[in-house]
Structures are given as C-alpha cells and as structure tokens.
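Residue numbers (the working numbering): 1020 to 1270.
A virtual CB, placed ideally from N, CA and C, is assigned to each residue, including glycine.
Remember, it's a predicted structure, so these values are computed and weren't measured experimentally.
Down below is the structure, laid out as structure tokens.
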C-alpha cells in the first residue's frame, strides 16, 4: 500500500469510527506502530486530525478563523444560543465566553433582562449594547485574534475579583475521554480561570465539537455541570456525558 493510500485509509477509518487506535490499525494493515504514528504525525501537521495518546481523533472545524466559523452550522448555534439565553435570569451575574456560539447567546437575550454580563470578548459585548437592563463588564488584556477575546496576565487578574452565578463556556472540542479542549494555550487558561469563578458552568456544544479534540485541555468534566447541545443530537453521542453525571440541555 502506497503512503498516500495508507493515509487516505486512515482518514476513512477516522470518519467511520470517530477515532484511530494506532495499535489496532497497525495490526489491521500488518505494519509497525512506528509507521502508523509517522502517518498520524504528518496528517496532524496538515491539520487533518488531532493526535492523542495511542492514536488520533477528528480535528475540530471550530479551529478555523472567526469569519469562517460564523458560517459553520448556523442553525445549530442559533438554537443553542437561544436555549442558553433562556437560562439567564434577572439579577444574575453571568460570564459569557467569546466565540460564534456565545455571540448567539447575546443576540437572544430578552430585551427586558436585568442582569450583569461579564465577558472577555469585545464582539460579545457589542451585541449587548441595546440591552438597557444589562450591565456589561468587559475584561481587558491582550487580544487573541482567532476568537477576538482578551487573554494574558491582566485578564486573569481581573477575573480573580469576580464571583458569578453561571459561566457559559465555549470550546472547540468535547470528547468523553480527551475532555474539553481548545486550540490556544492562553485561551485554555482563560477558560479555566473563568470556570473557577462561577458557581456553575455549562458548555455550549454545537455538534461539530462533539467527538472532536483540539490541542489544549481546558478543564475536567468534573468541573462543569453540563452541556447545551442541539436537539437532534443522537442519544448515543450524549450517553457518555450522562454517565459522568452531567446534565444535557437540548436546544
């Protein structure tokens, strides 16, 4: 089997099974694990999969540019944004993450809502300008252009003064064994810090993120309360998270 054929087979198996186990694949193809690992490394460098211990997982399309992500699964993100917005009650202090799904949360908040929204996303903050009863606290720092959010030491310091009722977190990968992940280390630290300052954290999990993984782990599932997913998400996809004791809110 030519290298190009072998790599295409790897991608076909990944699409079919949702994961690659290097040991199993080497046995199936009668090749050394070193050969399979080299193929996985090269495919990862091309952005076609995410390597994990023992194999590989699908790479999340949510690692694309902000402009491209705005066009991915719009209906799914709108539904999740609407469901998340309905969870926010008068008088609450809520941390709203950056990203395209979080922006949909902001767009669907009731006009009469009386609450405080804390965000490190200028795009999210701008969506709240026309909500007269919403106090907006914008966390500053160095702008991470991929997600248009503030990161860095100044942002982490500002977060330490917050106590919120709820954090609506966006991630790029949600996988039952590899956890919650994102594509930038500093952004992972920000999300982790925000999670620690909220009484409850719910993850905005549009379907392109479920079963996918990105390079940097954000926080264990034990630190969150549940996932907000699209209504049509198959039961078998959410079952592992239910077995962890997480709540599943269907949009």
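Take the alpha-carbon of residue 1135 and the one of residue 1021: they are about 59 angstroms apart.
C-alpha of residue 1177 to C-alpha of residue 1211: approximately 14 angstroms in a straight line. In the structure shown, residue 1069 adopts extended strand secondary structure according to DSSP, grouped into three states.
The beta-carbon distance between residue 1126 and residue 1100, rounded to whole angstroms, is 6 angstroms. This is short enough to meet the 8 angstroms contact definition. Between residue 1138 and residue 1115 a beta carbon distance of about 5 angstroms is seen, short of the 8 angstroms cut, so the two are scored as contacting. According to the DSSP assignment, residue 1023 belongs to the alpha helix (DSSP H) that extends over 1022-1036. Excluding the 5 residues flanking it on each side, residue 1058 has same chain C-beta neighbours closer than 8 angstroms at 1022, 1025, 1026, 1029, in chain order. In this structure residue 1247 is in contact with residue 1270, their Cβ atoms being roughly 6 angstroms apart against a cut-off of 8 angstroms. In its chain, beyond the 5 residues on either side, 1041, 1042, 1045 have a beta carbon closer than 8 angstroms to the beta carbon of residue 1052. Cα atoms of residue 1200 and residue 1233: separation of roughly 5 angstroms, rounded to the nearest angstrom. Annotation for residue 1112: the continuous beta strand (DSSP E) segment containing it runs 1112-1115. No Cβ-Cβ contact shorter than 7 angstroms links residue 1184 with residue 1071.
The region 1092-1137 contains, as complete beta strand (DSSP E) runs of 3+ residues, the segments 1112-1115 (chain order). Straight through space, the alpha carbons of residue 1230 and residue 1098 are spaced by roughly 19 angstroms. As computed with DSSP, residue 1186 is found in a beta bridge with 1114, 1220. Cα atoms of residue 1180 and residue 1103: separation of roughly 24 angstroms, rounded to the nearest angstrom.
Residue state for residue 1226 is assigned as coil, using DSSP reduced to three classes.
When DSSP reads this structure, residue 1200 sits in a beta bridge with 1192, 1236. Just so you know, the alpha carbons of residue 1174 and residue 1252 end up roughly 35 angstroms apart.
Between residue 1152 and residue 1133 the beta-carbon gap is near 4 angstroms, inside 8 angstroms, which marks them as a contact. The Cβ atoms of residue 1259 and residue 1195 lie closer than 7 angstroms to each other.
Excluding residues up to 5 positions away in sequence, 1095, 1098, 1099, 1225, 1226, 1270 lie with their Cβ nearer than 7 angstroms to the Cβ of residue 1249 in the same chain. The bridge partners DSSP lists for residue 1154 are 1135. Per DSSP, residue 1261 is one residue of the alpha helix (DSSP H) stretching across 1254-1262.
Residue 1161 is bridged by DSSP to 1170.
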